[in-house]
Structure formats: C-alpha cells, structure tokens
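Read through the structure below, which is laid out as structure tokens, and then see the notes.
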Amino acid sequence: ALMQFLENEFLRVAINEFGAELTSIVRKSDQSEYVWNADPAFWGKHAPLLFPIIGRLKDQEYTLDGTTYEITRHGFARDKEFTVVQASDTCVELSLSADAYTKAMYPYDFTFTIRYSLDGKTLKKEHIVQNDSNHTMYYEIGGHDAYMLSFDDAALSDYYLEFEGIDALDVIDCDADVMLMQSHHAVPLKDGRLYLSRETFSKDNTLMLDRLPVHRCTLGCLSHSQKVIMEFPEIDYFAVWSPYKPDCDVPFICLEPWSTLPDCAYLGKELEKKVGIRTVAAGRSETLSFRVTIE
Numbered sequence: 013a014l015m016q017f018l019e020n021e022f023l024r025v026a027i028n029e030f031g032a033e034l035t036s037i038v039r040k041s042d043q044s045e046y047v048w049n050a051d052p053a054f055w056g057k058h059a060p061l062l063f064p065i066i067g068r069l070k071d072q073e074y075t076l077d078g079t080t081y082e083i084t085r086h087g088f089a090r091d092k093e094f095t096v097v098q099a100s101d102t103c104v105e106l107s108l109s110a111d112a113y114t115k116a117m118y119p120y121d122f123t124f125t126i127r128y129s130l131d132g133k134t135l136k137k138e139h140i141v142q143n144d145s146n147h148t149m150y151y152e153i154g155g156h157d158a159y160m161l162s163f164d165d166a167a168l169s170d171y172y173l174e175f176e177g178i179d180a181l182d183v184i185d186c187d188a189d190v191m192l193m194q195s196h197h198a199v200p201l202k203d204g205r206l207y208l209s210r211e212t213f214s215k216d217n218t219l220m221l222d223r224l225p226v227h228r229c230t231l232g233c234l235s236h237s238q239k240v241i242m243e244f245p246e247i248d249y250f251a252v253w254s255p256y257k258p259d260c261d262v263p264f265i266c267l268e269p270w271s272t273l274p275d276c277a278y279l280g281k282e283l284e285k286k287v288g289i290r291t292v293a294a295g296r297s298e299t300l301s302f303r304v305t306i307e
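In our numbering, the protein residues as written are 13 to 307.
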C-alpha cells in the first residue's frame, strides 16, 4: 500500500493510505519511534481508525429503522483504501466514500475524511464525517492508537498513564460476553498515575471510561523522559487497552478516544439508542478531533 509522509523540524510521521492508518511517529532529535511496529506476535496493527462503529456488537449485528445489518468489528474504515484529497509537508487529507461493500453493512451515503496535521511536536487527527444521504445519519468514531513501551532501559512497571488531578479511574464493568454494564469499579491512582503491570489488563482486557473529568492522558516512564500526551477535548469516552499475556510484558499500549461506547448489556441492538451515538443531519458534516504531543 502507498504511504504518505509528514515532516517538520521535530517529527517525521508516516500514514498508510490503506485504512488511513498512522504507522509511525519518529522524534528526529534521537530517531526514537513512538508508534507500535505492528509485530503480529502481539498485535498486527499500528493505529486503526474505528468507523462507523466501535467495538464488538451483540451477534455482530445492529438494527436501524427495524432492518438488521451485519458489520465487521470496529467497522470497515480500517479495511478500506482511502483516497488522498490533498497533501503538503505537514498536512494530509484522506477520504473514504460509500460503495456497495460499505452499504451492505451501513446503508448511508457518506464521505469520511481524515486530516492529519503536524504543528511543532503535535500531530492533530481530525475525523470529518459528512452525511451525503437525505436522512439523519448515525455513526461512531474512534481512535485505537498503539504506542511503544521500550524496555531497553525500563521495566513495564516504570510506565504509567497520568490523568491530572484525578485520584481514581471510574472503569465500566463488563459481563462475561464483554458487553458493558451500568455498574463501575474504581481503579485507584497514585498521584494521578496508573502504573502498568501485566495484571492491568487481565480482568477486562480494556479499561473503558465514561466519566473522565479531564480529557487528557499522558503516557510516561520513570526511567526516561519520553512522553506521549493525548488530548481529546471534543470526545466523551476513552479506553486503554493492551493484550493480556501472563507470561511476558507486552511492549505497547493503546490510547483510544471514542465518540460512543461499544454495545451495552442493558440495551438492545438499535444503533440509534447506543450510548453516545453521534448524529449528523442530511447534507451536513461534523468534525471530531484529538491530538498527540511527543515530548
């Protein structure tokens, strides 16, 4: 697949036109790579785009206006070739439009555009959803960005996620089928930090958050100064994921801003009733963005 590259004095960024997926952020001062390398021994992706749904569905299906549709997990955008609309040294726009393949899963005419722009040490990712059909469109959008944990000079327990000013995370409980429940449990933080361990993701695999008072998460490490700061002021939900391997340390973690929650055990399959579902009127568009700063 073809790649697009962005570069300024601080960072060099690579984006795959397949899935419009961010595949690399290199800090030029020391050539450090920040994005996970997609080693299939752990997880064969870098930072897939989630659209038009997030997560898994009950029986892999949803209903809309009484019609049942089957759709792939996390939606189809990550499995489609995007078209480059415009490109410069520091900005690229890639877009995806409806076709027969998408309409079988998702009945709308749409244009889904991703704009990556580089400004200093910050990469901004804008998700522009345009409704090209003549009735209200329901959609979900999310990030699934995997960042490296380098164990050259650090242990897994040196890494932390920092949520400024919070003393505990309010994590949503899941049932046995990983459907969300209405109950929550508290995960205590130490000075606003969740230190990582193999067991962090042993219970639910994903920490899903719907009551975050701050829309900013910093991935840091005690033994070196590198940081990834993700800010998502326009996005209501956030998840943190890494595969659980009891016998080894997994060398990456995913930071995931989500517009909408995945399927909930206490709701039916109606797309229009999902928690946080976005709507965009006929002929209109909506933009949701988040940004990542490399320090």
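Each residue gets a CB set at the ideal place from its N, CA and C atoms; glycine is no exception.
Segment contact: the segment 57-67 against the segment 269-279, three or more CB-CB distances shorter than 8 Å; contact assigned. Three or more beta-carbon pairs separated by less than 8 Å link the segment 157-172 to the segment 202-218, which places the two stretches in contact. Fully contained in the segment 112-179 are the following alpha helix (DSSP H) runs of length 4 or more, in chain order: 112-117. The beta carbon of Ser195 lies closer than 7 Å to those of Asp185 in the same chain, with the five residues before and after it left out.
Put simply, of Glu176, Gly177, His197 and Lys202 the residue whose alpha carbon is nearest the alpha carbon of Val183 is His197. Tyr151 is positioned such that its CB atom lies no closer than 8 Å to that of Arg39. Judged by DSSP in its simplified three-state form, Lys202 adopts strand. Where Phe244 is concerned, there is no enclosing beta strand (DSSP E), because DSSP gives it neither an H nor an E.
Secondary structure remark: continuous beta strand (DSSP E) runs of at least 3 residues inside the segment 40-66: none found. By the beta-carbon neighbour count (other beta carbons within 10 angstroms, threshold 16), Phe17 is exposed.
Ile306 and Gly132 have their C-alpha atoms spaced approximately 9 Å apart.
One alpha carbon belongs to Val287, the other to Ala188, and they sit about 20 Å apart. Each residue's CA atom was taken as its position, placing Val240 and Lys137 some 15 Å apart.
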